[in-house]
Structure formats: C-alpha cells, structure tokens
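Just below is one structure, and these are the notes that go with it.
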Ligand SMILES: NC(=O)c1ccc[n+]([C@@H]2O[C@H](COP(=O)([O-])OP(=O)(O)OC[C@H]3O[C@@H](n4cnc5c(N)ncnc54)[C@H](OP(=O)(O)O)[C@@H]3O)[C@@H](O)[C@H]2O)c1
C-alpha cells in the first residue's frame, strides 16, 4: 500500500490525472506534485483539491532537465516516500536538440536526467520505500501499422547510448519525434537495470498508451500537431480500434503499476504488439533486447557519464 506518492510533471496531463486517481484511494495520505512552475503547480493543486475533496497535495518545485535543481529538491524532502512516478517528459519541441550543462540534449535531460537523479538521491538518503514507476512509450517497440519503426540500436553499447543522450547518434538528421523512442529506450533500460541493483524495491516501467487530453501534441511541429489533435486522435485512431484512449484510462495504468501486485519489478508493460491501447503486456516477449542485462547496464553507465558532470 502506498501512502505517499511523488509524481514528476504533475501539473497537467497524465501526471495530474494520476495524482487525482491516487488521491481517491483510501490508503493515500500524501501526493507530492513535482512541477517546474509554481503558478501552474498552485493551479493544479487547487483544482485537484476541488475535484477530490482531499487536502493531501504538496508542491515541490524543480526542473527535471537540471540535475542540480533536482538535488536541491531532494534536500527538502524529510519524510520517506512510498512510490515515485517518473512521468515528466515528452517530445519537448523546438529546443529538444539543445545541449544542457550535463551534456545531454534537452530531450534526454527532460525524459531521463532529473528523473534518474531524483530516484538515486532518494535511495542514497533512504527516503524511497517501495516503488518506482518509470514512464515509457510504445515508440520503443514501434507500431508497424503507423509506420513507427522499433528502436534498433546496433550494439546498445555504453558509447551508443551516450550518443543517443547527446544527440550525436542522429547526426545532422536529429528529429525529436524519432529520437524520443531511443531516449525512452535508454530510460527503460536504466529502470530495468535498477530493478536488479535494488531487489528490495519495485521498478516497473509502464507506457500510458496513446492518451488523449494531454498537452503532448503541443510540442510537435505545427502541421503534425494539427493532424494529430484534430484528425488522428478524434477520428482515425478510434476508427482503427485499439489505438487511443482517454486520460482516465492512460493514467490508470500508472496507478495500477504502483498499486497492483500483478505488475512485477523489472518488466516494461505497454500495449500489445502493434497496438496503442487495451490491456498491457510484457514488452520483452516480442522486443527481446529488453532482456539483455548488459544492454541495461550500458544504459545505466552512459546516463552516469552525464550525471557525474552535471
Ligand atoms: N500522451 C501520450 O499519449 C503518451 C504516450 C506515451 C508516453 N507518454 C509519456 O507520458 C508522460 C506524460 O506525458 P503527457 O502526455 O501527460 O504530457 P504533458 O501533458 O505535456 O505533461 C508533461 C508534464 O511534464 C512536465 N515537464 C516537462 N518538462 C519538465 C521539466 N523540465 N521539469 C519538470 N517538469 C517538466 C510538464 O510541465 P509543464 O506544464 O511546465 O510543461 C507537464 O507537467 C511523458 O513522459 C510522455 O513521454 C505520453
């Protein structure tokens, strides 16, 4: 039972909806909203209090793309937390390729850097008690019907992961939407490696599936945003079936991932092969690189090359 939960990127989208659903659980005593903007965080807290009738939300301000900002956040945390949902992330938009002080580009820093620092600093201080849920995506195994190719790294070596994290892997052809799957693959492999390093904690990787009602499309190029928001999400995906669901359904995957014993440590759960919605399945049954423990450890080592200098 998780009494206290911290969620990164909790002021909107899936993070906020997961906060709402968790607050309605009997056992929940505290939900910490980790957000980068005080005004947006206050607005989300007020809204969540109104929607749930619970005054159990706390705000903590930090930027997951900045390791030092996250270290300062952890210094302020005095009581142990049962579960952490590493939700902050996305395709990031125009600044995705920009190199941050860590050496990671903004896309990787947002999806990985601060989320990893948060977990590792909490563990170091004995402030993390039970579960970490790392948010991934079906972009990793790909979705054939939509022409989304699976992530296919040649060797998954430390150097190759490091090149994904600073963007050099993609040469001059960096496109955030393509790099996104590779960055989520690195984040996923890190979490799987952590599940072996810390067998007393539960590390679950979960994709929310293709979820409507979030701000995710806003970071896409205008034409793609328009097509996704007004054509694909409301018309095309529902017609195909098994391709889209609501915010309530997407966020429930996170809630189940940390609360339900059926979800095991060291497993990446997402939609069935070729789908973006429906029941979740263990992705390693058809995307077998996930099982390779050397690849997992390589992702961990590559991430630490950047964390050590951030
Ligand atoms: N929506 C989908 O269909 C889908 C599918 C697969 C995976 N996912 C994953 O699910 C997660 C949530 O996505 P979403 O669709 O809910 O997106 P969203 O509506 O854009 O929400 C993203 C959240 O992350 C926060 N965030 C971004 N950068 C941050 C930073 N540097 N520091 C702190 N917080 C930061 C945002 O804060 P601001 O409001 O301040 O920007 C926002 O609260 C992401 O990891 C995404 O990759 C989503």
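Residue numbers (the UniProt record's numbering): 1 to 310. Cβ coordinates follow ideal geometry from the N, Cα and C atoms, glycine included. None of these values were measured; they are calculated from a predicted model.
Residue burial classification, residue 155 (beta-carbon count within 10 angstroms, cutoff 16)
Residue 155 should be labelled exposed.
Using a Cβ-Cβ cut-off of 6 Å (strictly less than) and excluding sequence neighbours within five positions of residue 151, which residues of its own chain qualify?
Closer than 6 Å at Cβ, skipping near neighbours: 140, 181, 182, 185.
DSSP beta-bridge partners of residue 282:
DSSP output for residue 282 lists 269 as bridge partner(s).
Considering residue 204, what are the terminal residues of the alpha helix (DSSP H) in which it resides?
Premise fails: residue 204 lies in the beta strand (DSSP E), 202 to 206, not in any alpha helix (DSSP H).
Taking the C-alpha atoms as reference points, what is the distance between residue 128 and residue 205?
Near 17 Å, if we compare the C-alpha coordinates of residue 205 and residue 128.
Cβ of residue 58 within 8 Å of Cβ of residue 33?
In this structure, residue 33 lies closer than 8 Å to residue 58 by Cβ.
State the CB to CB distance for the pair residue 142 and residue 63, rounded to an integer number of angstroms; the pair is presumed to be in contact (CB under 8 Å).
Rounded, the Cβ-Cβ distance is 30 Å, inconsistent with contact.
Contact under 8 Å by Cβ, residue 104 with residue 165
Result yes, Cβ atoms of residue 104 and residue 165 sit closer than 8 Å.
In chain order, what residues of the same chain lie with their CB nearer than 7 Å to the CB of residue 277, ignoring the 5 residues before and after it?
So the list reads 209, 210, 242, 243, 244, 245, 271, once near-sequence residues are dropped.
Check: residue 36 C-beta below 7 Å from any heavy atom of ligand 1
Here the distance from the Cβ of residue 36 to the nearest heavy atom of ligand 1 is below 7 Å.
Look up residue 99 in the DSSP assignment and give the residues it is bridged to.
Answer is 105.
Candidates 37, 76, 56, 124: which alpha carbon is nearest residue 88's?
For residue 88, the closest C-alpha among the options 37, 76, 56, 124 is that of 37.
Taking the beta strand (DSSP E) that residue 83 falls in, what are its first and last residues?
Looking at the DSSP string, the run of the beta strand (DSSP E) that includes residue 83 is 81 to 86.
Count the other C-beta atoms from every protein chain shown that fall within 10 angstroms of the C-beta of residue 337, then say buried if there are 16 or more, exposed otherwise.
One cannot answer for residue 337 here, as it falls past the ends of the chain, which runs 1 to 310.
Taking just the CA atoms, how far does residue 228 sit from residue 81?
If you take the alpha carbons of residue 81 and residue 228, they lie about 37 Å apart.
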